[in-house]
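Take 161 as the starting number for the first sequence in this note's numbering and just add one per residue. Since the structure comes first, as structure tokens, the remarks are kept for the end.
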Amino acid sequence: MENKEIARVLAETADLMEIAAEDSFRIRSYRNGASAVESNPDRIEDILRDPARKVTDIPGIGKGLAAVLEQIVATGSCDRRDQLLEKFPPTALEFLKIQGLGPKSIALIFEHFRISTIDQLETLCREQKLRELPRMGAKLEEKVLRSIAQYRVRSGRYLLSYAESMADELSAALLAVEGVEAVTPAGSLRRGRETVGDLDLLVTGPNATRALATFVKYPRVEEVLGHGENKASAKVGREGLQVDVRALPPESFGAAMQYFTGSKDHNVAIRTRAVRMGLKLSEYGLFRSSDDSLVAAATEESIYQALGLPWIPPELRENSGEIEAAAEGRLPELVELSQVRGDVHMHTTETDGRASLEEMAEAARQRGYEYVAITDHSKALAMANGLDETRAVAFARQIRERNREGSLGIRIFSGIECDILKDGAMDLSDDALAELDLVVGSVHSHMNLEAAEMTDRLLRALECPHLRILGHPTGRILLHRDPFPFDFERVAAEAARRGVWLEINASPERLDLHGALIRSAKAKGARFTISTDAHHPKHLANMRYGVTTARRGWLGPKDILNTLAAADFAAAIHAKS
DNA sequence: GCCGTTTTCGGCCCGACTGTTTTCAGTCG
């Protein structure tokens with residue numbers, strides 16, 4: 161059992177305990193335990209099996225949770241979770257995803273109405289029954305109905321990072337089959353979409369068909385949906401991600417890759433182009449319409465070439481102008497991960513990060529970066545132990561000192577992620593902000609303002625002379641919270657005018673900005689940074705999702721400030737007009 | 001339930017908003 165799954169069981173148990181109104185500190189311990197398990201570099205299952213090692217050596221795991229971990233690894237669940245699932249319906253965990261309902265309200269609804277499904281909850285709201293309960297009213301019913309609608313749209317999709325880890329895991333298992341040469345993910349994962357509906361894996365090799373048999377017997381397959389000669393489908397993992405595995409002959413691999421990578425809109429447009437040229441394109445190859453003779457099939461390059469086009473990077477294949485651009489030879493040069501020279505938004509234990517300044521710097525150095533910016537939270541984020549003026553300035557001095565010593569082996573800029581308050585003012589005084597190398601401004605509160613008010617708020621924030629970067633500009637949390645409404649184009653244009661860069665937040669839960677907005681902002685003259693917002697050294701690896709997202713926004717290295725060398729980046733920070 | 005002891009219990013535990021209220025519980029970050 162993988163750490164991520166173990167962590168999920170712990171977190172679910174904590175959720176259920178919360179509905180059952182159990183001791184809040186115990187719940188907190190379960191949550192801490194979940195995050196400790198998830199961020200532990202070694203597999204918990206391996207540690208449990210090794211008599212020489214102890215899980216209790218992991219901070220946050222004591223005797224109690226050690227026993228729980230044993231149980232989870234052995235049975236996939238634990239006693240407390242099982243007991244609570246007898247008391248509450250298994251859908252209780254789904255109810256927690258409905259915004260506006262917390263554990264207390266859910267417990268009350270269960271107790272009073274004896275319902276167990278989201279559909280029943282919807283009915284309650286429509287029939288205006290929720291308001292019978294204390295402290296619940298018409299506004300809440302409306303909010304819950306809106307939230308249920310959003311929930312339905314989201315369920316059935318998965319974060320890019322989750323789909324990628326599943327693809328990696330399955331690829332490794334299938335590559336171990338003799339006679340399998342390559343396993344390649346296609347579909348929206350290959351295009352780098354921020355969420356993925358299902359996973360397509362293309363298998364080649366003399367014995368590719370045998371990979372299908374291995375796949376359907378894979379331990380984490382929950383339900384086999386179909387298993388034929390060339391294709392097998394199954395729901396995999398507790399989350400039930402649908403995975404389609406296809407065995408392909410090498411001679412038509414390129415055509416299949418092209419076909420299964422999509423997007424559907426891109427393919428329709430490409431096939432229309434083929435028809436106009438007297439050709440037809442399918443997953444088996446590109447053929448002459450007149451005599452069905454094969455033109456190209458083995459590689460994607462050969463197919464695009466036969467259609468008079470250069471190869472189009474998968475990130476661009478959304479039929480949003482890429483085919484025209486390719487035909488006219490003006491596809492953009494896209495940024496690559498190796499061109500990123502620094503990560504300029506991250507947190508440390510000074511606020512809510514999980515590693516020290518030294519550990520974050522060292523992790524960044526190991527990734528080959530030239531520089532980092534440490535941007536801990538400001539005081540408005542009290543739960544994160546945000547910095548007030550005094551602490552922010554003192555911490556900046558400490559960072560400068562370490563930087564001067566050169567002992568960390570990497571250049572460090574002192575920064576802050578300063579909250580943008582409800583009225584657009586900065587959370588910290590100008591004097592304090594002036595002490596810092598780099599100010600990222602972010603919205604973390606009051607996200608339900610009217611669009612006009614939110615636009616004014618952001619425009620006012622841009623007036624701050626010290627603001628350099630607008631952090632996660634739309635505030636969305638994928639599959640969880642929609643972007644807050646505001647006039648993006650106006651804000652992007654104003655940011656461009658004032659020389660404030662827009663962040664492409666590489667956290668797989670955010671990917672904010674996303675491709676379409678990036679393109680729109682670039683058209684307004686905006687420039688960008690790609691940053692991970694890391695709260696742990698391992699989060700630095702999320703940079704690749706940010707780069708993929710930037711590529712989906714048609715960005716090249718010149719659009720992105722943290723592809724600059726350290727000295728140039730430093731100059732850019734300080735050369736504010 | 002974890003942690004850390006001036007070692008076996010006590011601390012952990014913030015702050016603002018919202019909607020429903022007549023003084024505040026619940027949610028959220």
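Positions of the beta carbon are idealized from the N, C-alpha and C atoms, including for glycine. In this text the structure is predicted, and so the values were computed from the model without any measurement.
Is Ala-693 helix, strand or coil by DSSP?
Counted from its first residue, the first sequence places residue 693 at position 533. Just to set this straight, residue 693 is Asp in the shown sequence, not Ala. Three-state DSSP puts Asp-693 in coil, outside helix and strand.
Taking 8 Å as the cut-off, decide whether the C-beta atoms of Thr-692 and Gly-706 are in contact.
Translated into positions along the first sequence, residue 692 becomes position 532. Translated into positions along the first sequence, residue 706 becomes position 546. Contact: yes.
Which class does Ile-207 belong to by DSSP, given the choice of helix, strand or coil?
Residue 207 sits at position 47 when you count from the first residue of the first sequence. Three-state result, Ile-207: helix.
Grouping DSSP H, G and I as helix and E and B as strand, with all else coil, what is Ala-342?
On the first sequence, residue 342 is found 182 positions in, with the first residue counted as 1. Strand, per DSSP.
With H, G and I counted as helix, E and B as strand and the rest as coil, what does DSSP make of Met-586?
Here residue 586 is taken as the residue at index 426 of the first sequence, counted from 1. Of the three classes helix, strand and coil, the one that applies to Met-586 here is strand, per DSSP.
Which same chain residues end up closer than 7 Å to Asn-200 when comparing Cβ atoms and leaving out the 5 residues on each side of it in sequence?
Here residue 200 is taken as the residue at index 40 of the first sequence, counted from 1. Same-chain partners within the cutoff: Asn-163 and Ile-218.
For my contact list, Met-520 and Val-532 are in at a C-beta cut-off of 8 Å; report their separation, rounded to the angstrom.
Numbered from its first residue, the first sequence carries residue 520 at position 360. Numbered from its first residue, the first sequence carries residue 532 at position 372. About 7 Å separates the two Cβ atoms, so the contact holds.
Whole beta strand (DSSP E) runs in the stretch 599-683 with 3 or more residues, listed along the chain?
627-630 and 661-665
Taking 8 Å as the threshold (C-beta atoms), are Ser-423 and Glu-478 in contact?
Here residue 478 refers to the residue found at position 318 of the first sequence. Here residue 423 refers to the residue found at position 263 of the first sequence. Their beta carbons are under 8 Å apart, which means Glu-478 touches Ser-423 by this criterion.
Arg-557 - DSSP class collapsed to helix/strand/coil
As a working note, residue 557 is residue 397 in the first sequence. Note: Arg-557 maps to helix in three-state DSSP.
Is the separation between the beta-carbon of Thr-369 and that of Glu-341 shorter than 8 Å?
Position 209 of the first sequence, counting from 1, holds the residue named residue 369. Position 181 of the first sequence, counting from 1, holds the residue named residue 341. The answer is no: Cβ separation not under 8 Å.
Mapping DSSP to helix, strand and coil, what is Met-506?
Taking the first residue of the first sequence as 1, we reach residue 506 at position 346. It is a strand residue.
Span of the beta strand (DSSP E), counted from its first residue to its last, around Phe-573
What you label residue 573 is simply residue 413 of the first sequence in a count that begins at 1. Taken as a continuous stretch (DSSP letters only), the beta strand (DSSP E) holding Phe-573 covers 571-579.
Per-residue DSSP class, three states only, for Ser-737:
As a working mapping, residue 737 is identified with position 577 in the first sequence. Only weak support exists for where Ser-737 lies, its pLDDT of 32 falling under 50; the value from the coordinates is given anyway. Coil, per DSSP.
Using 8 Å as the cut-off, can you tell me whether the stretch 534-551 makes contact with the stretch 484-495, which would need three or more C-beta pairs spanning the two stretches below that distance?
no
Just verifying my parser: in three-state terms, what is the DSSP assignment at Asp-536?
Within the first sequence, the letter at position 376 stands for residue 536. In this structure, Asp-536 counts as strand in the three-state DSSP scheme.
Residues near Glu-518 by beta carbon distance below 7 Å, same chain, minus five either side:
In the first sequence, residue 518 corresponds to position 358, counting from 1. Once the five neighbours on either side are set aside, the close Cβ partners of Glu-518 are Leu-568.
Can you tell me whether Val-313 is buried or exposed, with buried defined as 16 or more other CB within 10 angstroms of its CB?
As a working note, residue 313 is residue 153 in the first sequence. Classification for Val-313: exposed.
Measure from the alpha carbon of Asp-202 to the alpha carbon of each residue in Ile-166, Glu-302 and Val-495, then state which is nearest.
The sequence position of residue 202 within the first sequence is 42, counting from 1. If we check each option's Cα against that of Asp-202, Ile-166 comes out closest.
Three-state secondary structure assigned by DSSP to Gly-414
Locating residue 414 in the first sequence gives position 254, counting from the first residue. It is helical.
By DSSP, does Phe-420 sit in helix, in strand, or in coil?
Here residue 420 refers to the residue found at position 260 when the first sequence is read from its first residue. If DSSP states are grouped into helix, strand and coil, Phe-420 belongs with the helices.
Since Arg-406 is in the beta strand (DSSP E), which residue starts that stretch and which ends it?
Here residue 406 corresponds to residue number 246 of the first sequence, with the count starting at 1. Here the beta strand (DSSP E) through Arg-406 covers 401-408.
Are there 16 or more other CB atoms within 10 angstroms of the CB of Ser-737, so buried, or fewer, so exposed?
To locate residue 737, count along the first sequence from 1; it is residue 577. At Ser-737, the pLDDT of 32 sits below 50, so the modelled position is not reliable; the number obtained from the coordinates is stated separately. Flag for Ser-737 reads exposed.
Going by alpha carbons, who is nearest to Glu-254 out of Ile-232, Asp-279 and Gly-236?
Locating residue 254 in the first sequence gives position 94, where the first residue counts as 1. Of Ile-232, Asp-279 and Gly-236, the residue nearest in Cα terms is Asp-279.
Does the distance from the CB of Thr-709 to the CB of Ile-664 come in under 8 Å?
Looking up residue 709 in the first sequence gives position 549. Looking up residue 664 in the first sequence gives position 504. For Thr-709 and Ile-664, yes; Cβs fall inside 8 Å.
Span of the beta strand (DSSP E) holding Ala-392?
Your numbering for residue 392 matches position 232 in the first sequence. Element bounds for Ala-392: 391-396.
Can you pull the DSSP bridge partners for Tyr-531?
As a first step, residue 531 is located in the first sequence; it is residue number 371 there, counting from the start. Beta-bridge pairing links Tyr-531 to Gly-502 and Arg-571.
How about the stretch 345-359 and the stretch 390-405: do they share at least three Cβ pairs that are nearer than 8 Å?
yes
Using alpha carbons as the reference points, say which of Leu-208, Leu-677, Arg-433 and Lys-377 lies closest to Lys-223.
Start at 1 with the first residue of the first sequence, and residue 223 comes out as number 63. Minimum Cα distance to Lys-223 is reached at Leu-208.
Limits of the unbroken alpha helix (DSSP H) element including Arg-704
Here residue 704 refers to the residue found at position 544 when the first sequence is read from its first residue. 703-712 is the extent of the alpha helix (DSSP H) around Arg-704.
Helix, strand or coil: how does DSSP classify Ser-265 here?
Here the question's residue 265 lines up with position 105 in the first sequence. Ser-265 falls in the helix class under three-state DSSP.
Since His-604 and Leu-541 are thought to touch, with beta carbons under 8 Å apart, how far apart are those beta carbons, to the nearest angstrom?
For the purposes of this step, residue 604 is taken as the residue at position 444 of the first sequence. For the purposes of this step, residue 541 is taken as the residue at position 381 of the first sequence. Rounded, the Cβ-Cβ distance is 6 Å, consistent with contact.
Rounding to the nearest angstrom, what Cα-Cα distance links Gly-596 and Val-553 in this structure?
As a first step, residue 596 must be located in the first sequence, where it is residue number 436. As a first step, residue 553 must be located in the first sequence, where it is residue number 393. The question names Gly, but residue 596 in the sequence shown is Leu. Each residue's alpha carbon lies about 7 Å from the other.
Separation of Ile-690 from Leu-598, as counted between CA atoms:
Sequence index remark: in the first sequence, residue 598 carries index 438 (1-based). Sequence index remark: in the first sequence, residue 690 carries index 530 (1-based). Cα-Cα distance, rounded: 14 Å.
How about the stretch 459-470 and the stretch 427-443: do they share at least three Cβ pairs that are nearer than 8 Å?
yes
Strand pairing of Val-363, partner residues [DSSP]
As a first step, residue 363 is located in the first sequence; it is residue number 203 there, counting from the start. The partner list for Val-363 (beta bridge, DSSP) reads Val-343 and Ala-407.
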